[in-house]
């Protein structure tokens, strides 16, 4: 393998490993910008992955499976919103309960549906862009799947909407000063419901990417902590879409690197590199990568004052 081929292969692996993290992290960013702490990203990803795999097997088609995965994730987001916004349940507890429930139900469902073990799923084909895919190194950006290009489109749209639209202003107001936003006529509950449901939908897409693009089958607990890594990316990226996505790329790169070290049999404990995303998250939490200030009302239930 030539150096150019090695770099291209490594870059392609970095992108594949970063995409599901970025989908989940952008969803978590919207949820937490509205003031709803979302530890349940892991369970939403896992639900989307299982729903997408089950639909792909039933219909032998990928795009209906992607749609079902998105809806399944959004439904889990709706559950989280109902518990946190309507019932005022502790948001941390709700997220952990969703993770545990999703892990149990998808494991049970997988053992019923995949009795013979893992089953190969129909895959989303790459969308090659003629004239660019043959370029050395950078050509890998032009031979990715449609979900990758959807993410590239979603990133600037999210950034613009968050900081340059009335919707983004309302969202940030609800996350920082919900009582003031309520006084100004913004429905706090509606904004938070929409944000958490949107988050669940993006996590469902992350799960669909895992099963229909990256791996090609479903296994128990295949999210493997990606929801928590996405949360770390949120903190590291200081709740900004671009910085958060770059943090996801960093985490994807470290995972790709440790996989390459295993493949080439280098005498370096791969566990050290596997720990890097978590060490980075701890550094962000400790403020070593710069002060990360969350939305002021994050995790705090809001109760409308009675007139």
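In our numbering, the protein residues as written are 379 to 685.
Glycine included, each C-beta is placed from N, C-alpha and C at the ideal position.
- The distance from the Cβ of residue 573 to that of residue 549 is about 6 Å, consistent with a contact at the 8 Å cut-off.
- Residues of the same chain with a CB within less than 6 Å of the CB of residue 626, apart from the 5 flanking positions on each side, are 396, 399, 400, 403, 611 in chain order.
- In the DSSP assignment, residue 607 falls within the unbroken alpha helix (DSSP H) covering 604-614.
- Non-local C-beta neighbours of residue 615 in its own chain, meaning closer than 6 Å and more than five positions away in sequence, comprise 621, 622, 625, ordered along the chain.
- Taking the C-beta atoms as reference points, residue 599 is found nearer than 9 Å to residue 424.
- Distance from the CA atom of residue 457 to the CA atom of residue 609, rounded to whole angstroms, is 19 Å.
- Between residue 452 and the set 426, 461, 443, the nearest pair of CA atoms involves 426.
- The C-beta distance from residue 499 to residue 437 rounds to 11 Å, too long to meet the 8 Å contact threshold.
- Just measuring C-alpha positions, the residue of 391, 594, 675, 428 sitting nearest residue 557 is 675.
- In this structure, the CA atom of residue 516 is about 23 Å from the CA atom of residue 593.
- No residue range can be given for residue 503, since it is assigned to no alpha helix (DSSP H) and is classified by DSSP as neither H nor E.
- In the assembly as shown, residue 484 is a buried residue. Its beta-carbon has 16 or more other beta-carbons within 10 Å.
- Residue 573 carries a helical assignment under DSSP once its states are collapsed to helix, strand and coil.
- A Cβ-Cβ separation of about 5 Å places residue 629 in contact with residue 607 under the 8 Å criterion.
- If you draw a straight line from the Cα of residue 413 to the Cα of residue 673, it is about 7 Å long.
- With contact defined as three or more Cβ pairs closer than 8 Å, the segment 577-585 and the segment 460-477 are not in contact.
- Shown here for residue 523: same chain residues with a beta carbon closer than 6 Å to its own, the five before and five after excluded, namely 502, 504, 591 in chain order.
- Its chain contains 415, 469 as the residues whose beta carbon lies nearer than 6 Å to that of residue 677, once the 5 sequence neighbours on both sides are disregarded; these appear in chain order.
- When rounded, the separation of the alpha-carbon atoms in residue 511 and residue 521 is 6 Å.
- In this chain, residue 653 is not harboured by any alpha helix (DSSP H), its DSSP state being neither H nor E.
- If you ignore the 5 residues before and after residue 410, its C-beta comes within less than 8 Å of the C-beta of 416, 553, 612, 617, 672, 673, 676, all in its own chain and listed in chain order.
- For residue 458, the uninterrupted alpha helix (DSSP H) run begins and ends at 440-459, by DSSP.
- In the three-state scheme derived from DSSP, where H, G and I count as helix and E and B as strand, residue 515 is classed as coil.
- Scanning its chain for C-beta atoms nearer than 8 Å, with the 5 sequence neighbours on each side dropped, one finds around residue 518 the residues 386, 389, 390, 393, in chain order.
- The straight-line gap separating the alpha-carbon atoms of residue 467 and residue 681 is approximately 12 Å.
- Closest by C-alpha distance to residue 455, out of 407, 647, 478, 571, is 571.
- Residue environment for residue 586: buried (at least 16 other C-beta atoms within 10 angstroms of its C-beta).
- Annotation for residue 396: the continuous alpha helix (DSSP H) segment containing it runs 381-411.
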